[in-house]
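Colleague: Before we start, here is the structure in question, set down as structure tokens.
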Amino acid sequence: MNGSTIVVAGATGNLGGRVVRVLRQRGAAVRALVRHGTARDKLQPLEAAGATISTADFSSASQVAMACAGASCVVSALAGLRDVIVDAQTVLLEAAVEAGVPRFIPSDYSIDFTKFPPGENRNLDLRREFHQRVDKAPIQATTIFNGAFADMLTGQMPLILFKLKRVLYWGDADQRMDFTTIDDTATFTASAVLDPSTPRFLRIAGDQLSARELAGVASDVTGKKFRLLRAGSLATLGLFINFARTVAPGEKELYPAWQGMQYLRNMFDGRAKLGPLDNDRYPDIHWTRVRDVLSTRRAQ
Ligand SMILES: NC(=O)c1ccc[n+]([C@@H]2O[C@H](COP(=O)([O-])OP(=O)(O)OC[C@H]3O[C@@H](n4cnc5c(N)ncnc54)[C@H](OP(=O)(O)O)[C@@H]3O)[C@@H](O)[C@H]2O)c1
Numbered sequence: 003m004n005g006s007t008i009v010v011a012g013a014t015g016n017l018g019g020r021v022v023r024v025l026r027q028r029g030a031a032v033r034a035l036v037r038h039g040t041a042r043d044k045l046q047p048l049e050a051a052g053a054t055i056s057t058a059d060f061s062s063a064s065q066v067a068m069a070c071a072g073a074s075c076v077v078s079a080l081a082g083l084r085d086v087i088v089d090a091q092t093v094l095l096e097a098a099v100e101a102g103v104p105r106f107i108p109s110d111y112s113i114d115f116t117k118f119p120p121g122e123n124r125n126l127d128l129r130r131e132f133h134q135r136v137d138k139a140p141i142q143a144t145t146i147f148n149g150a151f152a153d154m155l156t157g158q159m160p161l162i163l164f165k166l167k168r169v170l171y172w173g174d175a176d177q178r179m180d181f182t183t184i185d186d187t188a189t190f191t192a193s194a195v196l197d198p199s200t201p202r203f204l205r206i207a208g209d210q211l212s213a214r215e216l217a218g219v220a221s222d223v224t225g226k227k228f229r230l231l232r233a234g235s236l237a238t239l240g241l242f243i244n245f246a247r248t249v250a251p252g253e254k255e256l257y258p259a260w261q262g263m264q265y266l267r268n269m270f271d272g273r274a275k276l277g278p279l280d281n282d283r284y285p286d287i288h289w290t291r292v293r294d295v296l297s298t299r300r301a302q
């Protein structure tokens with residue numbers, strides 16, 4: 003087992019906490035980097051998993067560098083807007099370089115935003131902006147693209163309308179999209195963290211399904227017939243996005259309604275589709291299919 007320390011920023015979050023747990027299960031020494039004032043109940047599960055806690059001011063590169071000392075990799079699972087994705091992550095990156103950490107994994111975990119130009123997805127534009135800094139930094143960086151979190155299909159993502167027994171789509175009902183569960187993303191991330199020879203980009207998808215295929219899986223799992231519901235063309239979706247952004251801007255929110263629609267547009271237009279996949283890079287990972295995710299919902 004790799005004996006060096008892994009620094010995890012965003013360890014108190016949903017994905018970051020899972021990355022910490024997998025790393026600890028694999029015997030890695032983990033330092034959870036948290037901000038001042040973090041509530042005790044967020045730290046307790048990390049300590050219980052065997053991580054050590056390091057508190058720092060995320061606006062101070064020298065403070066964060068001290069927390070990064072001796073690490074073999076800094077992995078970020080921070081979530082937020084410009085102040086986090088660009089500003090706090092830049093401090094983290096500079097601190098990692100200052101501390102001589104050889105490897106850095108930014109908080110990307112998304113569709114492949116290198117495939118479309120700026121201006122189409124606010125949250126992903128911030129990542130692209132941060133990448134300009136990452137790519138100039140003297141550190142080995144690896145981005146993980148996982149498509150959408152599959153878990154959202156039974157929650158925030160309004161694609162499978164369970165009550166109406168419809169699957170909503172825009173544009174092409176046969177355009178496949180990438181879905182990976184949060185757990186699988188965390189497991190793959192932990193594997194990449196412990197792999198010293200990762201490339202600049204890694205692409206994973208637990209499942210790749212079109213709206214038509216989602217309707218088939220939802221029908222199989224529930225035993226009830228799900229049909230397609232075409233909400234319009236991608237151009238119509240673009241008009242909806244502009245309208246929603248005007249009437250309910252929520253520019254300071256991470257996921258206002260129009261932001262969710264921007265993700266959907268990128269997924270339905272196919273440019274962000276992942277490939278070739280690196281699913282087989284770590285053979286011990288068993289990929290969770292969308293069918294499994296929907297079955298879990300049914301069992302609840
Ligand atoms: N592909 C997808 O479908 C999908 C869906 C959701 C998320 N994601 C991505 O997954 C990654 C992790 O997201 P998540 O949902 O796990 O996020 P989360 O649960 O909201 O956790 C965010 C983490 O960032 C920390 N943080 C936020 N602002 C900070 C700041 N200013 N300074 C220091 N720490 C700060 C939080 O610390 P505190 O606990 O102190 O607040 C927390 O540890 C992000 O890149 C996100 O965009 C992808």
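Under our numbering, think of the first position of the sequence shown as 3, with each following residue one higher.
Idealized CB from N, CA, C, for every residue including glycine.
If you draw a straight line from the C-alpha of Val-86 to the C-alpha of Leu-128, how long is it?
Modeller: For Val-86 and Leu-128, the distance between alpha carbons rounds to 9 angstroms.
Colleague: Have a look at Lys-227 and Val-169 and give me their C-alpha separation to the nearest angstrom.
Modeller: Rounded to the nearest angstrom, the two C-alpha atoms are 11 angstroms apart.
Colleague: Would the beta-carbon of Gly-82 be found less than 7 angstroms away from any heavy atom of ligand 1?
Modeller: At least one heavy atom of ligand 1 is nearer than 7 angstroms to the Cβ of Gly-82, so yes.
Colleague: Are Gly-15 and Ala-58 close, meaning C-beta to C-beta below 8 angstroms?
Modeller: Contact: no.
Colleague: To the nearest angstrom, report how far apart Phe-118 and Arg-37 are at their CA atoms.
Modeller: Roughly 33 angstroms separates the two Cα atoms.
Colleague: Examine ligand 1 and report whether any of its heavy atoms sits within less than 7 angstroms of the Cβ of Lys-44.
Modeller: Checking every heavy atom of ligand 1 against the Cβ of Lys-44, one is found closer than 7 angstroms.
Colleague: Excluding the 5 residues preceding and the 5 following Met-3 in the sequence, name in chain order all residues of the same chain whose CB lies nearer than 6 angstroms to its CB.
Modeller: Low confidence applies to Met-3: its pLDDT is 44, below 50, so where it sits in the model is not reliable, and the reading given next is rough at best. For Met-3, where only same-chain residues beyond five positions count, the Cβ hits under 6 angstroms are Gly-29.
Colleague: Output the distance between the C-alpha atoms of Ser-212 and Ser-74, rounded to the nearest integer angstrom.
Modeller: Each residue's Cα considered, the two are about 39 angstroms apart.
Colleague: What do you reckon, is the C-beta of Leu-17 under 7 angstroms from a heavy atom of ligand 1?
Modeller: Yes, Cβ of Leu-17 sits closer than 7 angstroms to a heavy atom of ligand 1.
Colleague: Inspect the CB distances between the stretch 83-101 and the stretch 42-49 and report whether three or more fall short of 8 angstroms.
Modeller: Contact fails: fewer than three Cβ-Cβ distances are below 8 angstroms.
Colleague: Span of the beta strand (DSSP E) holding Thr-54?
Modeller: Thr-54 -> beta strand (DSSP E) spans 54-58.
Colleague: Note down the Cα distance separating Pro-47 from Leu-25, rounded to an integer number of angstroms.
Modeller: Roughly 14 angstroms separates the two Cα atoms.
Colleague: Quick check on Met-159: does DSSP put it in helix, strand or coil?
Modeller: Met-159 falls in the coil class under three-state DSSP.
Colleague: May I ask you to verify whether the stretch 283-295 touches the stretch 181-201, counting CB pairs closer than 8 angstroms and requiring at least 3?
Modeller: These segments touch.
Colleague: What is the residue span of the alpha helix (DSSP H) that Ser-221 lies within?
Modeller: Run containing Ser-221: 213-224, per the alpha helix (DSSP H) assignment.
Colleague: Check Arg-229 in the structure and name its three-state DSSP category.
Modeller: Three-state DSSP puts Arg-229 in a strand.
Colleague: Flag this pair as touching only if the stretch 227-243 and the stretch 141-148 have three or more C-beta atom pairs under 8 angstroms; answer yes or no.
Modeller: No: the two stretches stay apart, fewer than three of their Cβ pairs being nearer than 8 angstroms.
Colleague: Please name the residue in Ala-175, Gly-102 and Ala-220 whose C-alpha comes closest to that of Met-269.
Modeller: For the residues Ala-175, Gly-102 and Ala-220, the minimum Cα distance to Met-269 belongs to Ala-175.
Colleague: Rounded to whole angstroms, what is the Cα-Cα separation between Gly-72 and Ala-101?
Modeller: In a straight line, the C-alpha of Gly-72 is about 7 angstroms away from that of Ala-101.
Colleague: Helix, strand or coil: which one does DSSP assign to Ser-235?
Modeller: Here Ser-235 sits in coil by DSSP.
Colleague: Closer than 8 angstroms by C-beta to Leu-155: which residues in its own chain qualify, once you throw out the five before and the five after it? Chain order, please.
Modeller: Leu-161, Ile-162, Phe-181, Leu-216, Val-292, Val-295 and Leu-296, listed in sequence order.
Colleague: Starting from the Cα of Gly-82, find the closest Cα among Val-76, Thr-290, Thr-116 and Pro-108 and give me that residue.
Modeller: It is Pro-108 whose Cα lies nearest to the Cα of Gly-82.
Colleague: Excluding the 5 residues preceding and the 5 following Gly-239 in the sequence, name in chain order all residues of the same chain whose CB lies nearer than 8 angstroms to its CB.
Modeller: What sits at residue 239 in the sequence shown is Leu, not Gly. Here the set comprises Trp-172, Gly-173, Ala-233, Met-263, Leu-266, Arg-267 and Phe-270.
Colleague: Going by the CB atoms, is the gap between Ala-69 and Val-136 shorter than 8 angstroms?
Modeller: Against a cut-off of 8 angstroms, the Cβ pair of Ala-69 and Val-136 comes out as no contact.
Colleague: Taking the DSSP output, what are the residues bridged to Trp-172?
Modeller: Its beta-bridge partners are Gly-234.
Colleague: Pick helix, strand or coil for Ser-109, following the three-state DSSP scheme.
Modeller: DSSP places Ser-109 in coil when its eight states are reduced to three.
Colleague: DSSP state of Asp-280, grouped into three classes?
Modeller: The answer is coil: DSSP assigns Asp-280 none of H, G, I, E or B.
Colleague: If you measure between the beta carbons of Thr-7 and Arg-23, is that distance less than 8 angstroms?
Modeller: No; because the gap between Cβ atoms is not below 8 angstroms, this pair is not in contact.
Colleague: Measure the Cβ-Cβ separation of Val-76 and Ala-11 and say whether it is below 8 angstroms.
Modeller: Yes, Cβ-Cβ distance for Val-76 and Ala-11 is below 8 angstroms.
Colleague: Is Thr-54 buried or exposed, if buried means 16 or more other CB atoms sit within 10 Å of its CB?
Modeller: By the 10 Å Cβ count, Thr-54 comes out exposed.
Colleague: Look up Thr-14 in the DSSP assignment and say whether it is helix, strand or coil.
Modeller: The answer is coil: DSSP assigns Thr-14 none of H, G, I, E or B.
Colleague: If distances are taken between C-alpha atoms only, which option among Gly-121, Thr-116, Thr-224 and Arg-178 comes closest to Arg-202?
Modeller: Comparing Cα positions, the closest option is Thr-116.
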